[in-house]
Amino acid sequence: MSVFAEADNKVEEKIIEEDVEKGGELLFCGGTNWDTLGRKGPTDGNLISPTRLRPLIGVNIRFVAAGCVSCHCVALDVEGRVYTWGRNEKGQLGHGDMIQRDRPTVVSGLSKHKIMKAGSGRAHTVVVTNDGKSFAFGWNKHGQCGTGSAKNEFEQSPVSSHVSEVTNVVCGGDFTVWLSSVEGSSILTAGLPQYGQLGHGTDNEYNTKDSSVKLAYEAQPRPKPIAAFAGKTVVKVACGTNHTVAVDSKGFVYTWGYGGYGRLGHREQKDEWTPRVVDVFQRQNILPPNAVVAAGALNCAVTAGGGQIYMWGKIKSTGDDWMYPKPLMDLSGWNIRCMDSGATHNFVGADQSCISWGHSQNGELGYGPKGPKSSANPKKVDSLEGMHVMSVACGSAYSMVVVDRTNVGDKLDQLDVYDGKASEEGTAEPKAKSPAPKKGGAKASSNKRKKSKDSSDSENEENESDYGGSENGSDDENGHVEETKRGGGRGRGNGAKKALAGKGTGRGRGRPPSAEKKSTQPRGGGTGGKRGRPRKS
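Just so you know, we're using our numbering here: the sequence shown kicks off at 13 and counts up by one.
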């Protein structure tokens, strides 16, 4: 790296540090109907343009977090307070209950701590304090909260994670990755190991019973250092639904976990159970210290020398997958400061612009009523042109952007303001969903078969589906989007499970024709009437 490049990196790092200390205005676009977000149901309540949230107007937000399959939001202000809102069916908002909140609300259980970092999973949240402690809340079925036990499936209030001297945290769908300053333990993981996304060389698969073909995956509830990084220091990390990308202090890139669509960048779709170096980023193409690292449900992205952004995996809904990192030429020459990827969309803060692209169902690209709904290629968000973007975060069907309030004139005043709905008071549990109408015995039988699925599947019992079905954040067994209907984490990474023999399909499967009914039909009797119905005497 040249002296000039090193100087540029130091200047950029200083600007980022100043942004973090100063904070800015949080803007939101995408779906706000949290009950049905990513599920079949009404799509009303979408904010299709970047919108101010009234409870956060004037609050200096320094960091936002959202996972690519998350349906809840996390924001940190410069004072170290944590705001959460959105879906709360597993207690992932940390308020001691399961009541959905449409307005950003301070997590009172963390009021004694100054929170510096946060990560958001499918239904769990993890935060890091200024003194290196970590707290988690939400769904803990697979041990993703890192408490050392998965006995408590739901943690509705912040609980301590068993990890120390934490510097950063990120969350996948149902697992968590911590970075630590402890020598020899720079990266630790906990949660669901189904595709090897924990990096410990195994998926912890086992048969539930000796006589059963059902597979389960033993949870990893205690944060465990990844042995492959012994002697190395991991400085950056990002997680997709079931895969991870990390960068060490020397600029080398590693990926592991689910390999469908080439999202690991190894020119193949094989799952990796331990960190593997991405060969494109070696020799003269190692990443600089100020590199941006991001992971979506189906892809990964980093910025290499000169700020050139590289991506790999499923980049567009149509066309070939990128099996290894390729430069995204549409963004060549831009000074990329921050980036994040959601289920099927991407957001970038570059120079004095905000850029987004991908597939949109709920207005998460922020193009407004006069703009396109989706865009296959990077496109400016016109209403944010000229603003300095400080932080971005993409959820399953929404986006959050933090912009600098200085030197924007009246541009912020021209944006819409969203009030949100007040939380339901006096309610300890969320409203129960109405069951789907039954369409006959066969449908009921099908529902029973669904309920008998292995309880260790990463999809939870209340159909905690990912945005948009199989392609949007899910990981089906063999990389085909039509295989899965309920989101990521189902099946094995190396092929679909085969159906049990002897089971028929369709309505009334395996039901032989009734001999008794046949015997009641007249043999050669009358000639009139409908076929198969005896004539009246």
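Don't be surprised by glycine CBs; every beta carbon is placed ideally from N, CA and C.
Comparing alpha-carbon positions, the option among Met351, Val413, Leu340, Val94 lying closest to Gly121 turns out to be Val94. Phe149 places its beta carbon less than 8 Å from that of Pro170. Going by beta carbons, Val257 and Cys183 fall outside the 8 Å limit. Nearest to Ala87 by C-alpha distance, out of Leu68, Val81, Arg417, Gly103, is Leu68. Burial check for Lys326: the Cβ neighbour count within 10 Å reaches 16 or more, so the residue is buried. Taking a contact to require three or more Cβ pairs closer than 8 Å, the segment 113-120 and the segment 94-103 qualify as touching.
Closest in C-alpha terms to Ser353, from the list Gly108, Val304, Gly383, Asp394, comes Val304. Our two residues, Leu310 and Tyr273, have alpha carbons roughly 7 Å apart in a direct line.
Taking a contact as a CB-CB distance under 8 Å, the pair Ser61 and Gly378 counts as one, their CB atoms being some 6 Å apart.
For Thr141, the closest alpha carbon among the candidates Gly277, Arg134, Ala130 is that of Ala130. In the same chain as Pro237, and ignoring 5 residues on each side of it, the C-beta atoms closer than 6 Å to its own belong to Ser197, Leu200, in chain order. Around the C-beta of Glu376, 16 or more other C-beta atoms lie within 10 Å, and the residue is accordingly described as buried.
The DSSP-derived three-state label of Arg134 is coil.
Beta-bridge partners assigned by DSSP to Thr63: Phe40.
With respect to the C-alpha of Tyr270, the residue from Pro287, Tyr430, His371 having the closest C-alpha is Pro287. Taking the Cα of Asp47 as reference, the smallest distance to any Cα among His84, Leu39, Gly36 is reached at His84. Counting only runs that start and end inside the segment 168-222, the beta strand (DSSP E) elements of at least 3 residues fall at 178-183, 187-192, 199-203, 217-219.
In the three-state DSSP reduction, Ser120 falls in the helix class (H, G or I). Using a Cβ-Cβ distance cut-off of 8 Å, the segment 392-400 and the segment 412-426 are in contact, since at least three pairs of beta carbons, one from each stretch, lie closer than that value. Just so you know, the alpha carbons of Ser387 and Cys251 end up roughly 24 Å apart.
For Thr96, the enclosing beta strand (DSSP E) begins and ends at 94-98.
Cβ neighbours of Thr315 within its own chain (closer than 7 Å, five residues either side excluded): Ala303, Val304, Ile321, Ile348. Contact annotation: Gly345 and Leu299 have beta-carbon atoms that are not nearer than 8 Å.
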